[in-house]
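First up is the structure itself, then whatever we jot down about it.
In our numbering, the protein residues as written are -3 to 286.
Right under this line is the structure:
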């Protein structure tokens, strides 16, 4: 009965993990940016200076000013307000789609890695078939078939993100199921479901957390791409991708239209990637505290 605590002790404690993460300055910066973006998205209806759909034909294509900090678009709508509301679309699309992919992919990976046999082969071939297509190409294809809407965009992103979670989970389960604590749990009468959920899943949660943060970055970029192509959320609802699409015709006369959504997309994707790198280093039991 001593094998189970020994196996779990190999993972870094919470305080040690926290120290490792805070020692990674880039990871902390990524976390701060993510928190700021999340707060901005949640509080957009309360802190945005204007209505995101309100048109003002007396202020068309105005540069940055006291009234409009990031200028206005071709319909006189405040760019800063639309960027704030666009954060609600991009972050919700990223979080919801990745949550679905995490649920389905983890379930498939647990079953595939623990059961093995013909079921492992079947799930493996299905995952390989999805991975044969480039990420964005498959997302664009699925969104085109499903139709342009935010819900279909989230579903398409979830489908193309699922294989990554299934692969990571399967690899982790294959490594964990051979360890002594799993054998001990089976010898003590624990069923497959209990062994997976109570023993294996907690020990692979670190890898899944890191994969989740990185997947959200990909999902935000995918949502922006689909919206840019007209396959995501439809006007007049603001989206970073659709704002970039509109800005294409005004690059010479109103470059701020492309600068604002472009910078925020870059900052969001970079922040989640930095956060994922920081979490990976912090959750690695082989790492050393700086």
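Note that beta-carbon positions come from the ideal geometry of N, C-alpha and C, so glycine has one too.
Are the beta-carbon atoms of residue i and residue j separated by less than 8 Å?
i, j, result
"residue 242", "residue 117", "no"
"residue 96", "residue 228", "no"
"residue 210", "residue 98", "no"
"residue 217", "residue 106", "no"
"residue 174", "residue 89", "no"
"residue 44", "residue 77", "yes"
"residue 250", "residue 67", "yes"
"residue 270", "residue 23", "yes"
"residue 198", "residue 49", "no"
"residue 152", "residue 167", "no"
"residue 17", "residue 274", "yes"
"residue 224", "residue 26", "no"
"residue 51", "residue 21", "no"
"residue 104", "residue 171", "no"
"residue 196", "residue 236", "no"
"residue 246", "residue 56", "no"
"residue 135", "residue 87", "no"
"residue 169", "residue 279", "no"
"residue 130", "residue 230", "no"
"residue 102", "residue 165", "yes"
"residue 214", "residue 137", "no"
"residue 252", "residue 128", "no"
According to DSSP, which residues form a beta bridge with residue i?
i, result
"residue 68", "74"
Which of the three DSSP states is assigned to residue i in this structure?
i, result
"residue 95", "helix"
"residue 12", "helix"
"residue 51", "coil"
"residue 88", "helix"
"residue 289", "No information on residue 289 is available, as it lies outside the stretch -3 to 286 that the chain covers here."
"residue 46", "coil"
"residue 59", "coil"
"residue 280", "coil"
"residue 161", "helix"
"residue 174", "coil"
"residue 106", "helix"
"residue 39", "coil"
"residue 269", "helix"
"residue 143", "coil"
"residue 122", "helix"
"residue 20", "coil"
"residue 131", "helix"
"residue -1", "Bear in mind that the predicted position of residue -1 carries a pLDDT of just 39, short of 50, making it too unreliable to give a figure here."
"residue 4", "Because residue 4 carries a pLDDT of 45, less than 50, the predicted location of this residue cannot be relied on, and the following value inherits that uncertainty. Correct three-state label for residue 4: helix."
"residue 286", "Low per-residue confidence applies at residue 286: pLDDT is 44, beneath 50, and the placement is therefore not dependable enough to give any value."
Pop quiz: residue i and residue j are said to be a contact at Cβ under 8 Å. What is the actual Cβ separation, rounded to whole angstroms?
i, j, result
"residue 150", "residue 92", "5 Å"
"residue 84", "residue 40", "6 Å"
"residue 159", "residue 132", "Not really, about 14 Å apart at Cβ, beyond 8 Å."
"residue 94", "residue 212", "5 Å"
"residue 81", "residue 257", "Actually they are not in contact, since the Cβ atoms of residue 81 and residue 257 sit about 12 Å apart, beyond 8 Å."
Inset, instruction - Write down every uninterrupted run of the alpha helix (DSSP H) in the stretch 186 to 267 whose length is 4 residues or greater and which is fully enclosed by it, in chain order. - result: 197 to 224 and 236 to 243
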